[in-house]
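Colleague: Structure in structure tokens, see below.
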Amino acid sequence: MSAGTVLLVEQSLNGLQFGIMLFLMAAGLTLVFGVMNVVNLAHGSLYMVGAYLCASVFAASGSFLLGVSTGIAGATLVGILFEVTVFRRIYDGDHLDHVLATFGLTLICNEVVRMIWGPTALFAAVPQGLAGQVQLMPGLSYPAYRLAIIVVGLMVAGLLYVLVNRTRLGMVIRASASNRTMAAALGVNDVVLYTIVFGLGAALAGLSGLMAAPVFAVTPGMGDNVLILSFVVVVIGGIGSVRGAFLAALLIGFVDTFGRAFLRPLLASLFAGNVADNAAPAMASLLIYALMAVVLFFRPQGLFPPRTR
Amino acid sequence: MADVLLSAQKVSKRFGGIVASDVIDLDVEAGTLHAIIGPNGAGKTTLVAQLSGELRLDSGEISFAGRDMTRLAMHERAQAGLVRSFQITSVVPQLTACENVALAVQAHDGHSFRCWKPARSDASLRDPALACLNEVGLAAKADRLVGSLAHGEKRALEIAMVLATRPKMLLLDEPMAGMGPEDSARLVALLAKLKQRFTILLIEHDMDAVFALADRITVLVYGRVMLTGSPGDVRTDPKVREAYLGEGAGS
Amino acid sequence: MDRTKVLAMLTVLGLALVPVAAWAFDEPFWIDLFARVAIFAIAALSLDLILGFAGLVSFGHAIYMGLGAYTVGILSYHGITAGLVHFPAAIVVSALAALMIGAISLRTSGVFFIMITLAFGQMGYFLAISINAYGGDDGLSINRQSDFGSLLRLDDLHVFYYLVIVILAALLWLGFRLVNSRFGLLLQAIRFNERRMNALGFPTFRYKLAAFVISGAVCGLAGALLANLTLFVSPSLMHWFRSGELLVMVIAGGMATLVGPVLGAIIYLMLEHVLAGLTVHWPAVLGAILLLIVLFGKQGLAGILLARKKVKEAKPHG
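Right under this line is the structure:
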């Protein structure tokens, strides 16, 4: 097995893992937008809550399972709290209201986390059973924990697919996303539905955050960057489309990972001197935004907009 | 036969599985008032959107004053002289009647990047705007905020805005929607006056108004043209009576 | 003269008197604080043009401020110190960025537009972090203020302060002209009903893009001024938090009033200054205030001060 192939496979797995975490975030955002027509900037806070709760409960109790359950439950509860106290009052407002209110929520959440856990990064351990490396092929061993993220993420994506396409709740969600009046005519109880959808989105964000915790730094505001990348995913995928979010998340995951991994050697082979060292990081950081710009230029409604009517 | 000003050939549009307009042919002769009638869901709104450039055609061609317009955007068609009004009153409520019409004057004279001279006191905008308001009988309300106008007055304002763009042809989408009999009568008189000077395509539910004004009528049913003819032809056509007008209607 | 303009004049006059008050109360720090306030007022004013008048919710406006500031920083780093290069370059760079970002994001509207401007804003932040040559994460120090010769010495804080106030006053005046011009009225009409304006024959995209570029250019000017005040630029200038702050200033002060954003900048930065002295967790307090504004009152301070008459009794315009 050549070194090049090994690197390619390894980076593909990294891209897949990153894409899946973005999907879990973006799925919640796009559902909440599709059903309630609300932009939720505080979605990143739910990601953060999941990460902090899981990491600290795991550290205190020694049980990763307990940490995971607390993280998901905590994020869900905080999400429902947001819905009941704030969102319910602003559904009728315009997008500017949504943006400002959820920006305010984000500020509050970041500070509350800072008050409780302090301003410095929290150490999040990898559970014992997943601490090692798995030999995938000759010359390539990959962290078991990252593989677990991929497996869990794909499972959740599958469950979500079944939920949205095969269940009564999913039917109601799809109906609401494409035609509010029709959903009301079907006798959908908006108040309960909205809370459920919001809670679901929050749970997915919490899961994404707690899985990311051992991979990235657990800090106040950790959700913000992921949030904005998730926006890029949602916009590219087409707002309101879970399938679009899935495909766009993988696309972004791969493009971003490959850009960071391969741009430098590519530029180094093309240009002399330290051009590559200077230009590659900048270009890599621009890549996904350039992708977004190109997609929007040709398809302002995103790649996979939900079918209306 | 007079010149054809607006011509639509085999215009079609589908939304998913629903056919909204199905190979529609329509010729509007210069100087006439051509009305389009049809029951709800007949595709009138879709046709207006296609003619005005808001909806792309799936197939077919549209030409206006001898020029192919199929690919022109909404604002380009308006600049070419085909200007529409809206079924739902869509004037700017925070501005006065005169300012609303002045915007339409501005759309026609093409100097909207001017960002220094106060527009409200600009006589080159205000004078033509007042003339148009006068034409529709709103001169006295020129400096009232639009939010305070009555429904009928807002509808007349819509027409004043279209006139202010100096159109070749008016595309009026249900101008009488939601009007009482008194306002309707006033609007019919206004349209009768305007048809002396403009070619008009009128989409309207009010049959009395249509038969009083129209030179030609096209009946749309289920996205298809059922019949185009004089008011007399349409009134007596058995198919139309059956499919649309029903017993005793149009008399 | 209408009340909005009177309020604007009083506000500028008040700002012009700050150095006097600073001298009288022996608080020289006030000049520094209010120079900052006035610079953010310029940035918020630029945002109000598109947010308040054209209804475009740009959540990435900090990028133009950052670009303006970085233009000054990078030119200085390469030994170019002339102010007559710094300021035009800052304006041109941010205008070009606004042209590109606007050309893409204005193809969409509503929530798409918000998310895209937010993403592009964040792109500037990550770009600044990734370029190590100009300090990366640590930012870039600037040796000295833009050089305008002995005529205008920006290293003298008083001179600099009054330069900022003069620019702010001039922009307010230009702004009032603009929003009452053909272009300004058209923007407001587009905000209310773009489709209608399209049907009248306006290529609305062009006018929105023009407004977006003007707004970005003015915001870039604010950035160049900020770089001269702090003599330091860093990626955090472009963080989405900054863009959010600019939005808050416009809303808190009162949208579509021009003077509102200036008041908003004063309130916001004063509040931040006071709260930061009380608790390190001041952003939480700001967040709570923001929530209250959204839930309970959005006409902003200018709205309250001007206490607009009801629509029905408004006077005719001559």
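Residue numbers (the numbering used here), protein chains in the order written: chain A, 1 to 309; chain B, 310 to 560; chain C, 561 to 878.
For every residue, glycine included, the Cβ atom is placed at its ideal position computed from N, Cα and C.
Just so it is clear, the structure is predicted and the values come from calculations on it, not from any experiment.
(1) Where DSSP assigns a beta bridge to V313/B, which residues make up the other side?
(2) Can you tell me whether R504/B is helix, strand or coil according to DSSP?
(3) Quick check on this structure: which residue in A576/C, G670/C and A629/C has the alpha carbon closest to the alpha carbon of S547/C?
(4) Identify whether M843/C lies in helix, strand or coil by the three-state DSSP scheme.
(5) Within the 8 Å Cβ cut-off, does G104/A reach chain C?
(6) Which first and last residues belong to the beta strand (DSSP E) in which V126/A is found?
(7) For K353/B, which beta-bridge partners are listed by DSSP?
(8) Looking at L714/C: is its Cβ nearer than 8 Å to the Cβ of S706/C?
(9) Check this for me: beta carbons of G735/C and L575/C, under 8 Å apart or not?
(10) Any beta-carbon of chain C closer than 8 Å to the one on R89/A?
(11) Mapping DSSP to helix, strand and coil, what is Y91/A?
(12) Can you tell which of I634/C, A771/C and E805/C has its C-alpha closest to the C-alpha of P821/C?
(13) With C-beta atoms as the reference, is G79/A less than 8 Å away from L46/A?
(14) Please work out which residues of its chain come closer than 7 Å, Cβ to Cβ, to V99/A, disregarding the five sequence neighbours upstream and downstream, and give them in chain order.
(15) I'd like the list of long-range same chain contacts for D562/B, defined as Cβ closer than 8 Å, with 5 residues on each side in sequence excluded.
(16) Any beta-carbon of chain C closer than 8 Å to the one on L22/A?
(17) Under 8 Å, CB to CB, which of the residues in the segment 665-684 of chain C have a partner in chain A?
(18) Applying the 10 Å Cβ sphere with the 16-neighbour rule, what's the burial state of Q135/A?
(19) Does G744/C come within less than 8 Å of chain B when only Cβ atoms are used?
(20) Could you compute how far the alpha carbon of F258/A sits from the alpha carbon of L122/A?
(21) CA-CA distance, G456/B and P348/B?
(22) Could you list which residues in chain A have their beta carbon closer than 8 Å to that of S690/C, in chain order?
(23) Within its chain, find whatever has a CB closer than 6 Å to the CB of L481/B; leave out the 5 residues flanking it on each side and keep chain order.
(24) Taking all protein chains shown into account, decide if H384/B is buried (16 or more other Cβ within 10 angstroms of its Cβ) or exposed.
(25) In whole angstroms, what separates the C-alpha of G104/A from that of P119/A?
(26) Starting from Y767/C, find everything on chain B with Cβ-Cβ shorter than 9 Å and list it in chain order.
(27) Over what stretch of residues does the alpha helix (DSSP H) that includes G50/A continue unbroken?
(28) Of all the CB atoms in chain C, is at least one closer than 8 Å to the CB of T308/A?
(29) What is the DSSP secondary structure of P540/B, reduced to helix, strand or coil?
(30) In this structure, does DSSP put L617/C in helix, strand or coil?
(31) Are the beta-carbon atoms of A75/A and A276/A separated by less than 8 Å?
(32) When you compare only the Cα positions, how much space is there between A688/C and L570/C?
(33) Can you tell me whether D697/C is helix, strand or coil according to DSSP?
(34) If you pair each beta-carbon of the segment 351-359 of chain B with each one of the segment 399-418 of chain B, do three or more pairs fall below 8 Å?
(35) Would M478/B pass as an interface residue toward chain C - the criterion being a Cβ-Cβ separation below 8 Å?
(36) Quick check for students: name the residue ranges of the alpha helix (DSSP H) that lie wholly in the segment 760-826 of chain C, counting only runs of 4 or more.
Modeller: Result, derived from the coordinates:
(1) Sequence index remark: in the second sequence, residue 313/B carries index 4 (1-based). E338/B.
(2) Mapped onto the second sequence, residue 504/B falls at position 195. The question names Arg, but residue 504/B is Lys in the sequence shown. In the structure shown, K504/B sits in coil (DSSP, three-state: anything other than H, G, I, E or B).
(3) This structure gives no information on residue 547/C, because the portion of chain C shown stretches from 561 to 878.
(4) Taking the third sequence and counting its residues from 1, the one referred to as residue 843/C is at position 283. It should be pointed out that residue 843/C corresponds to Pro in this sequence rather than to Met. In the structure shown, P843/C sits in a helix (DSSP, three-state: H, G or I).
(5) The residue you call residue 104/A lines up with position 104 of the first sequence. Answer yes: the Cβ-Cβ gap between G104/A and chain C drops below 8 Å somewhere.
(6) Stepping through the first sequence from its first residue, residue 126/A is reached at position 126. V126/A -> no beta strand (DSSP E), and no H or E assigned at all.
(7) As a working note, residue 353/B is residue 44 in the second sequence. K353/B is not bridged to any residue.
(8) Residue numbering aside, residue 714/C sits at position 154 when the third sequence is read from its first letter. Residue numbering aside, residue 706/C sits at position 146 when the third sequence is read from its first letter. Cβ atoms of L714/C and S706/C: closer than 8 Å.
(9) One-based indexing of the third sequence puts residue 735/C at position 175. One-based indexing of the third sequence puts residue 575/C at position 15. Not a contact, by the Cβ cut-off of 8 Å.
(10) Translated into positions along the first sequence, residue 89/A becomes position 89. R89/A counts as touching chain C.
(11) Stepping through the first sequence from its first residue, residue 91/A is reached at position 91. DSSP places Y91/A in coil when its eight states are reduced to three.
(12) Position 261 of the third sequence, counting from 1, holds the residue named residue 821/C. Nearest option by C-alpha distance: E805/C.
(13) The sequence position of residue 79/A within the first sequence is 79, counting from 1. The sequence position of residue 46/A within the first sequence is 46, counting from 1. Going by C-beta atoms, G79/A is nearer than 8 Å to L46/A.
(14) Counted from its first residue, the first sequence places residue 99/A at position 99. If we look at V99/A and ignore the five residues flanking it on each side, its Cβ neighbours are V39 and L41.
(15) With chain B represented from 310 up to 560, any question about residue 562/B goes unanswered, as that position is not in the structure.
(16) Walking along the first sequence from the start, residue 22/A turns up at place 22. Chain C contact via Cβ: absent.
(17) S665, R667, T668, G670, V671, F672, I674, M675, I676, L678, A679, F680, Q682 and M683
(18) Looking up residue 135/A in the first sequence gives position 135. With fewer than 16 Cβ atoms within 10 Å of its Cβ, Q135/A is classed as exposed.
(19) If you number the third sequence from 1, residue 744/C lands on position 184. So, interface residue.
(20) Locating residue 258/A in the first sequence gives position 258, where the first residue counts as 1. Locating residue 122/A in the first sequence gives position 122, where the first residue counts as 1. Rounded to the nearest angstrom, the two C-alpha atoms are 28 Å apart.
(21) Counting from 1 along the second sequence, the entry for residue 456/B is found at position 147. Counting from 1 along the second sequence, the entry for residue 348/B is found at position 39. C-alpha separation (whole angstroms): 32 Å.
(22) For the purposes of this step, residue 690/C is taken as residue 130 along the third sequence, with counting starting at 1. Per Cβ cutoff of 8 Å: P281, A282, A284 and S285.
(23) Position 172 of the second sequence holds residue 481/B. Taken in chain order, the residues that qualify are S394 and L511.
(24) For the purposes of this step, residue 384/B is identified with residue 75 of the second sequence, where counting begins at 1. Counting Cβ neighbours within 10 Å, H384/B comes out buried, since at least 16 surround it.
(25) The residue labelled residue 104/A in the question sits at position 104 within the first sequence. The residue labelled residue 119/A in the question sits at position 119 within the first sequence. For G104/A and P119/A, the distance between alpha carbons rounds to 19 Å.
(26) Taking the third sequence and counting its residues from 1, the one referred to as residue 767/C is at position 207. Within 9 Å Cβ-Cβ: S421 and F422.
(27) In the first sequence, the residue the question calls residue 50/A occupies position 50. Per DSSP, G50/A belongs to the alpha helix (DSSP H) from H43 to S61.
(28) Locating residue 308/A in the first sequence gives position 308, counting from the first residue. Because T308/A sits at a pLDDT of 49, beneath the cut-off of 50, its placement in the model cannot be relied upon, and the point is left open.
(29) To locate residue 540/B, count along the second sequence from 1; it is residue 231. P540/B: helix per DSSP, three-state reduction.
(30) What you label residue 617/C is simply residue 57 of the third sequence in a count that begins at 1. Looking at the sequence provided, one finds Val at residue 617/C rather than Leu. Three-state DSSP puts V617/C in coil, outside helix and strand.
(31) The residue given as residue 75/A occupies position 75 in the first sequence. The residue given as residue 276/A occupies position 276 in the first sequence. No, Cβ-Cβ distance for A75/A and A276/A is not below 8 Å.
(32) As a first step, residue 688/C must be located in the third sequence, where it is residue number 128. As a first step, residue 570/C must be located in the third sequence, where it is residue number 10. If I take the Cα positions, the gap works out to 39 Å.
(33) Mapped onto the third sequence, residue 697/C falls at position 137. It is helical.
(34) no
(35) Within the second sequence, numbered from 1, the residue matching residue 478/B stands at position 169. No, because no Cβ of chain C sits closer than 8 Å to the Cβ of M478/B.
(36) 764-790 and 800-813
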